[in-house]
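Numbering (UniProt numbering), first residue to last: 1 to 366.
Each residue gets a CB set at the ideal place from its N, CA and C atoms; glycine is no exception.
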Amino acid sequence: MSEIEHFMPILMDREEEGNLSPILAHGGVRFMWIKHNNLYLVATSKKNACVSLVFSFLYKIIQVFSEYFKELEEESIRDNFVIIYELMDELMDFGYPQTTDSKILQEYITQEGHKLDTGGPRPPATVTNAVSWRSEGIKYRKNEVFLDVIESVNLLVSANGNVLRSEIVGSIKMRVFLSGMPELRLGLNDKVLFENTGRGKSKSVELEDTKFHQCVRLSRFENDRTISFIPPDGEFELMSYRLNTHVLSQLTWINVCEKQHHDPNCCSFILSQGGKEYLMRAHFGLPSVEAEDKEGKPPISVKFEIPYFTTSGIQVRYLKIIEKSGYQALPWVRYITQNGGKIQLKTSLFGITDSLMEFMSIFLLQ
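Shown next, in the form of structure tokens:
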């Protein structure tokens with residue numbers, strides 16, 4: 001009986017006991033696992049391995065497989081087991097992660113048939129280059145860069161209006177269509193940079209928990225806070241960050257009772273406040289009275305998207321494109337604020353609609 005065959009019985013026992021952990025043990029073997037859809041991805045180790053690195057590698061495997069097979073489920077694994085063997089052979093060598101960039105892997109591991117090459121397969125030069133994430137000889141008729149600053153707001157508010165948790169999770173995503181091997185330099189209104197250069201009073205943002213793509217020169221960022229990199233071709237996430245917000249300590253509930261003429265064919269309310277007009281669209285799911293507890297007080301979940309705005313105030317100061325041929329490129333920058341994975345307002349039995357409208361007004365007035 002192999003070691004991996006002990007995994008599922010241990011997992012089921014721990015689940016029944018209510019003592020489930022992402023790291024399980026059997027003898028001298030450690031199982032580090034994650035679940036995706038109906039699949040379990042498990043890594044085993046007999047040594048004192050870096051757990052964070054192992055989990056990062058497992059999530060990277062999910063990302064690569066998803067880009068190859070779109071839907072990663074048991075059926076897609078069975079239908080593509082030959083390609084999966086090839087991918088695993090390139091993703092890891094002797095227990096060490098190797099090539100994990102899906103764009104590079106797609107250059108020589110494809111889902112199409114090929115004729116026999118008597119000269120023997122050769123890996124692309126990008127695998128052994130210093131810049132392994134970008135191929136050489138890329139050409140575009142029109143050189144463009146699209147940069148999106150996307151911030152997701154997570155907020156948890158109690159029934160009496162106290163803010164229990166609030167944070168901003170941001171990411172900078174790019175779509176790069178540039179010829180050659182360009183170098184990009186990105187400048188943000190970073191608080192550390194402004195303080196070091198004597199501009200501490202300027203509007204700045206203190207970034208926390210920043211994570212960069214492998215193309216970013218970390219030494220350059222540590223020295224002068226400039227994000228310098230040779231980008232991959234196409235779409236990728238340049239960086240992510242997190243901010244703890246303390247903008248609101250308590251929401252003020254205002255109960256407004258008035259007659260509202262509502263068209264059932266149009267799910268919208270028009271609010272007039274301070275001479276300005278605000279439009280709010282809300283979707284209310286109303287369960288049947290028979291199937292739901294009358295005394296239940298479910299929280300309100302809010303979904304929204306605000307274009308051309310960031311809650312943190314982060315701004316792109318410049319985006320420079322440097323390439324030896326000297327061509328002109330067009331950079332485009334866009335800002336988006338949206339709801340995060342969890343925006344909930346716990347409510348009492350009454351005043352649900354008023355609380356929701358007050359919450360939306362706060363975001364619109366910021």
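Quiz item: The beta strand (DSSP E) spanning F236 covers which residue range?
Solution: G234 to N244
Quiz item: CB G170 to CB I336, shorter than 8 Å?
Solution: no
Quiz item: Taking Cβ to Cβ, would you say F194 is nearer than 8 Å to R175?
Solution: No, the pair does not count as a contact, with Cβ atoms beyond the cut-off.
Exercise. Taking only the alpha-carbon atoms, compute the straight-line gap between Y85 and E75 and give it to the nearest angstrom.
Key: 16 Å
Quiz item: What is the rounded straight-line gap between the Cα of P299 and the Cα of V157?
Solution: Between the C-alpha atoms of P299 and V157 there is a straight-line separation of about 9 Å.
Quiz item: Can you give the Cα-Cα distance for W332 and Y308, rounded to whole angstroms?
Solution: 13 Å
Quiz item: In three-state terms, what does DSSP make of S158?
Solution: coil
Exercise. Might you give, ordered along the chain, the residues of its own chain that have their beta carbon closer than 6 Å to the beta carbon of P182, omitting 5 neighbours on each side?
Key: I321 and E323
Practice problem: Since I believe Q63 is in contact with S2 (beta carbons under 8 Å), could you give me their beta-carbon distance rounded to a whole number of angstroms? | Solution: The pair is not a contact, with the Cβ atoms about 27 Å apart (cut-off 8 Å).
Quiz item: First and last residue of the beta strand (DSSP E) that includes I34?
Solution: V29 to H36
Quiz item: Looking at the unbroken alpha helix (DSSP H) that takes in S21, where does it start and where does it end?
Solution: In the DSSP annotation of this structure, S21 is not part of any alpha helix (DSSP H), being labelled neither H nor E.
Practice problem: Classify P231 as buried or exposed, calling it buried when 16 or more other Cβ atoms lie within 10 Å of its own Cβ. | Solution: buried
Quiz prompt | Beta-bridge partners of S152, as assigned by DSSP | solution = Paired residue(s): V169 and Q338.
Self-check item: Under 8 Å between C-beta atoms of residue 433 and F31
Solution: Given that the chain is displayed from residue 1 to residue 366, the structure contains no residue 433 and the question cannot be resolved.
Self-check item: Identity of the residues DSSP links to I306 by a beta bridge
Solution: T337
Quiz item: From this set, L243, M88, G187 and G28, which residue's C-alpha is nearest F229's C-alpha?
Solution: G187
Quiz item: Who pairs with T44 in a beta bridge, going by DSSP?
Solution: F31
Quiz item: Who are the Cβ neighbours of D190 in its own chain at under 6 Å, not counting the five residues just before and after it?
Solution: R225
Practice problem: Please report how far the alpha carbon of D117 lies from the alpha carbon of L105, in whole angstroms. | Solution: Annotation note: pLDDT 46 at D117 (below 50); position unreliable, coordinate value reported separately. Approximately 19 Å between the Cα atoms of the pair.
Quiz item: Between K35 and A159, is the Cβ-Cβ spacing less than 8 Å?
Solution: no
Quiz prompt | Span of the beta strand (DSSP E) around L184 | solution = E183 to L188
Quiz item: When the Cα atoms are used, what is the spatial distance from S312 to I227?
Solution: 19 Å
Quiz item: Taking C-alpha atoms, which residue in L243, T100, N48 and A329 lies nearest to N210?
Solution: The residue you asked about is not Asn; residue 210 is Thr in the sequence shown. Here the closest residue by C-alpha is L243.
Quiz item: Where D148 and K203 are concerned, what is the direct C-alpha to C-alpha distance, given to the nearest angstrom?
Solution: 20 Å
Exercise. Would you mind stating whether K173 and L238 have Cβ atoms separated by less than 8 Å?
Key: With a cutoff of 8 Å on beta-carbon distance, K173 and L238 are scored as near each other.
Quiz item: In chain order, what residues of the same chain have a beta carbon less than 6 Å from the beta carbon of I4, not counting five sequence neighbours either side?
Solution: none
Practice problem: With DSSP as the reference, please indicate the residues paired to V131 in a beta bridge. | Solution: Paired residue(s): none; V131 is not in a bridge.
Quiz item: Is L91 closer than 8 Å to I61 when the C-beta atoms are compared?
Solution: yes
Exercise. Tell me where the alpha helix (DSSP H) around V51 begins and ends.
Key: Here the alpha helix (DSSP H) through V51 covers V51 to F69.
Quiz item: DSSP beta-bridge partners for S301?
Solution: Q344
Quiz item: By the 10 Å Cβ neighbour count, where 16 or more other Cβ atoms means buried, how is V153 classified, buried or exposed?
Solution: buried
Quiz item: Which residues does DSSP pair with R175 in a beta bridge?
Solution: Answer is F146 and E235.
Quiz item: Can E107 and S66 be called in contact, C-beta distance under 8 Å?
Solution: no
Quiz item: Measuring CA to CA, which of V51, P9, E16 and K46 is closest to P22?
Solution: V51
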